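Each residue of the sequence shown is one higher than the last, beginning at 1 in full-length UniProt numbering.
Below: one structure, written as structure tokens.
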Amino acid sequence: MLVTGASSGIGEATALAVAARGGHVLLVARRAADLERVRAQVEAAGGRATSYVCDLVDGDAVDALVARVLAEHGAVDYLVNNAGRSIRRSLHLSYDRFHDVERTTAINYLAPVRLTLGLLPAMREQRFGHVVNILSWGVQMKAPKFSAYLGSKAALDTWSRIAGRETYGDNVTFTNMRFALVQTAMTAPTEAYAGRGATAEQAAARVVRALEDRPITVGTVAGQVGEVLNLLAPRLTDALFHRFDRAFDDSSAAASGQHGDRGRAAREHDQHAEQRRR
1 MLVTGASSGI
11 GEATALAVAA
21 RGGHVLLVAR
31 RAADLERVRA
41 QVEAAGGRAT
51 SYVCDLVDGD
61 AVDALVARVL
71 AEHGAVDYLV
81 NNAGRSIRRS
91 LHLSYDRFHD
101 VERTTAINYL
111 APVRLTLGLL
121 PAMREQRFGH
131 VVNILSWGVQ
141 MKAPKFSAYL
151 GSKAALDTWS
161 RIAGRETYGD
171 NVTFTNMRFA
181 LVQTAMTAPT
191 EAYAGRGATA
201 EQAAARVVRA
211 LEDRPITVGT
221 VAGQVGEVLN
231 LLAPRLTDAL
241 FHRFDRAFDD
251 SSAAASGQHG
261 DRGRAAREHD
271 QHAEQRRR
């Protein structure tokens, strides 16, 4: 099994869980020291692990990773696309931050698609493979402040559903895991999330079940309800989410990340417009 983002959080916990079940885990991340720590943990527990340092937003590096993995191990049976970036920031703080869209798309969509495309031919040749994508229930809920993040996750969700229909006859399948909040380093900067959500180990247990059972989607009841409401009563859900959005401010990290006169002017414009609506 190859897992990206293996140096912490869900990726680390998944690697440890799979190794404990006898799987050979291929660890991929860009932080060499943390990756080595996880590899050492796996081996200390009697498992097998090989680590690969790779910056997944570098296309050439991903291609080199694929070539090396295939040369050393042959086909990968299981791929867990876990590496990602979350940005929670209001639109009025984002007008001059198009790079938020670029960087979330690079790691959350383009990187896993490139890696998956590189490994798919060998999976199809051996007529077995399973790809698990770590997504978010937000792709169903359409939560405010997450336009850049959820846009990229929704793209991977859709791409994988279509790809799975094309590889179905080769016994190569995909699972999209639409998790609710999980406590990881990625969620830590958002003060509103403190003390909430599942642990990385709890999330990893669900990933392991998905690797075994190969469902099309794994989600939450709340996500399913939100998806239905968005279809049946879109204006009502717009109003409800608007009220919810106003109840939770941007994190200090998101607010302090705003720079530029145009961004400040846009923020002031939105604030004045909101005051007129009250």
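The beta-carbon is built from N, C-alpha and C at its ideal position, and this holds for glycine as well.
Computed from a predicted structure; not experimentally measured.
Nonlocal neighbours in the same chain, by C-beta distance under 6 Å from residue i, ignoring five residues either side
i           : result
residue 133 : 81, 156, 160, 176
residue 17  : 204, 208
residue 13  : 200, 201, 204
residue 97  : none
residue 237 : 229, 230
residue 90  : 145, 250
residue 76  : 2, 119
Bounding residues of the alpha helix (DSSP H) (the contiguous stretch that carries residue i)
i           : result
residue 244 : 234-247
residue 128 : First-last for residue 128: undefined, no H or E at that position.
residue 208 : 200-213
residue 3   : Looking at the DSSP string, residue 3 is not in any alpha helix (DSSP H); the run it does join, the beta strand (DSSP E), is 2-4.
residue 139 : 138-141
residue 175 : Segment 172-177 is the beta strand (DSSP E) holding residue 175; no alpha helix (DSSP H) there.
residue 68  : 59-73
residue 151 : 147-167
residue 103 : 98-105
residue 255 : 252-256
Sheet register partners of residue i (DSSP bridge)
i           : result
residue 78  : 130
residue 24  : 48
residue 29  : 53
residue 218 : 177
residue 182 : 198
Proximity to residue i [Cα-Cα], best of the options
i           : options           : result
residue 308 : 23, 22, 36, 20    : The chain is shown from 1 up to 278; residue 308 falls before or after that span and cannot be answered.
residue 110 : 83, 246, 121      : 83
residue 103 : 58, 74, 240       : 58
residue 198 : 2, 9, 1           : 9
residue 183 : 120, 171, 86, 101 : 86
residue 44  : 19, 167, 74, 55   : 19
residue 53  : 246, 69, 215, 247 : 69
residue 24  : 72, 105, 67, 55   : 72
residue 328 : 94, 74, 48        : The question about residue 328 has no answer, for the chain in this structure spans 1 to 278.
residue 215 : 116, 51, 56, 172  : 172
7 Å CB neighbourhood of residue i in its chain, flanking five on each side removed
i           : result
residue 38  : 6, 7, 12, 15, 27
residue 114 : 59, 62
residue 210 : 132, 175, 177, 218
residue 99  : none
residue 254 : 88, 89, 93
Beta-carbon contacts of residue i that lie in its chain and below 8 Å, excluding the five residues immediately before and after
i           : result
residue 212 : none
residue 121 : none
Is the segment 30-49 in contact with the segment 209-224, if contact means three or more CB pairs nearer than 8 Å? no
Is the segment 145-154 touching the segment 118-127, taking contact as three or more C-beta pairs under 8 Å? no
Between the segment 58-67 and the segment 228-237, do three or more beta carbon pairs fall short of 8 Å? no
Across the segment 134-141 and the segment 163-182, are there enough close Cβ pairs to call them in contact, namely three or more that are closer than 8 Å? yes
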